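Novice:
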Amino acid sequence: MWVKCVNKKCGGIKPLWAFNRNRSKKFGISSQCRVCDNKAAKLWMANNKERRKPYRKSYYQKNKDRELEMMRSWSFNNREKSNKIKAKYKRCNLDKQAALAAKYRFIKHKQTPLLNDLDIKKLDLLYKISDYLGSYYHVDHIQPLSKGGMHHPYNLQIITAKENIIKKDRIDYDVQGIKILWHDSHLKT
Ligand SMILES: [Zn+2]
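Residue numbers (the working numbering): 147 to 335.
(1) Answer yes or no: do residue 262 and residue 286 have a C-beta to C-beta separation smaller than 8 Å?
(2) Compute the Euclidean distance between the alpha carbons of residue 164 and residue 181, then round it to the nearest angstrom.
(3) Is it buried or exposed, residue 178, if we count other Cβ atoms within 10 angstroms and call 16 or more buried?
(4) Reducing DSSP to helix, strand and coil, say where residue 274 ends up.
(5) Restricting to runs no shorter than 4 residues, where is the alpha helix (DSSP H) found entirely within the region 219–254?
(6) Considering only heavy atoms of ligand 1 and the C-beta of each residue, which residues fall inside 6 Å, strictly closer?
(7) Bridge partners for residue 302 per DSSP, in chain order?
(8) Within 10 angstroms of its Cβ, does residue 289 collect 16 or more other Cβ (buried), or is it exposed?
(9) What is the residue span of the beta strand (DSSP E) that residue 148 lies within?
(10) So does the region 294–311 actually touch the region 272–280, counting three or more Cβ pairs closer than 8 Å?
(11) Could you tell me the distance, in whole angstroms, from the CA atom of residue 158 to the CA atom of residue 152?
The following block contains the structure:
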């Protein structure tokens with residue numbers, strides 16, 4: 147069975163499966179084809195951003211983990227676009243950025259135990275190794291700082307930047323990073 151799409155710009159004669167179901171309509175299908183339906187929906191969404199905000203927020207809250215993972219892998223695969231968006235956000239929220247950075251410094255300081263000379267050396271080496279490997283590697287707190295983890299060499303590992311972006315502050319995301327077997331005798335000054 148073939149149906150004509152009522153959209154004047156389209157007017158296509160298409161098979162039944164090319165139309166969405168819609169019980170409120172006479173024949174139980176949408177009067178315009180799926181392609182036109184999707185276009186109209188996209189347009190409506192673009193024109194009603196403010197109205198959709200509360201719904202989007204509650205949807206995000208309910209599906210937080212999945213949404214976050216999708217956003218993170220998108221931003222990894224669209225680095226340039228994502229960096230532009232991030233830079234713009236930073237420019238528009240300088241005070242928020244400063245507050246976040248201060249909070250991070252405070253937590254890091256609070257959760258840094260007393261370090262002896264050897265610990266400081268290990269900490270230093272971890273960051274140096276990560277630097278040496280380049281921007282595709284990050285130093286990661288195995289137990290995240292925000293979840294009470296310590297800023298101590300034994301809670302640090304080197305993982306790929308992609309894994310770090312996906313992991314962020316999750317504790318259920320298991321990453322096997324580069325483990326360093328410290329031989330204390332080699333580190334002594
Ligand atoms: Zn159509």
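Glycine is no exception: its CB is placed at the ideal position from the N, C-alpha and C atoms.
The structure presented is a predicted model; accordingly, all values stated were derived computationally and were not measured.
Specialist: Once the coordinates are examined:
(1) no
(2) 8 Å
(3) buried
(4) helix
(5) Considered as a whole, the region 219–254 harbours 225–238 as its complete alpha helix (DSSP H) runs of no fewer than 4 residues, in chain order.
(6) Environment of ligand 1, chain-ordered: 151, 153, 156, 158, 178, 179, 181 and 182, taking every residue with Cβ within less than 6 Å of a heavy atom.
(7) 287
(8) exposed
(9) 148–150
(10) yes
(11) So the alpha carbons of these two residues sit roughly 8 Å apart.
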